[in-house]
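Each number in the working numbering corresponds to the 1-based position in the sequence shown with 69 added.
Quick notes on the structure that follows.
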Amino acid sequence: MGYAVKVQFAKDASIEVSGDDIVTVIRLLNESTRKFFPIHPGSKVEI
């Protein structure tokens with residue numbers, strides 16, 4: 070079973086990640102948020 074998560078940061082800014090296990094999806098989401106939205110307050114939230 071695959072997992073996918075989409076996070077909407079603003080009207081035109083979002084990140085969507087997917088993976089085979091939830092640990093991979095969470096890791097990708099955390100890394101992507103810090104990389105693409107480094108100054109956004111959401112980039113400091115760990116899931």
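Ideal placement from N, C-alpha and C gives every residue a C-beta, glycine not left out.
task: Kindly indicate which three-state DSSP category PHE78 falls into: helix, strand or coil?
output: The residue you call residue 78 lines up with position 9 of the sequence shown. Of the three classes helix, strand and coil, the one that applies to PHE78 here is strand, per DSSP.
- prompt: Can you name the residues that DSSP bridges to VAL86?
  reply: Here the question's residue 86 lines up with position 17 in the sequence shown. Its beta-bridge partners are VAL74.
field: Straight-line gap, SER87 to GLN77 (C-alpha atoms, nearest Å)
entry: Taking the first residue of the sequence shown as 1, we reach residue 87 at position 18. Taking the first residue of the sequence shown as 1, we reach residue 77 at position 8. Each residue's Cα considered, the two are about 15 angstroms apart.
ILE108 in three-state terms, based on DSSP: The residue labelled residue 108 in the question sits at position 39 within the sequence shown. Correct three-state label for ILE108: coil.
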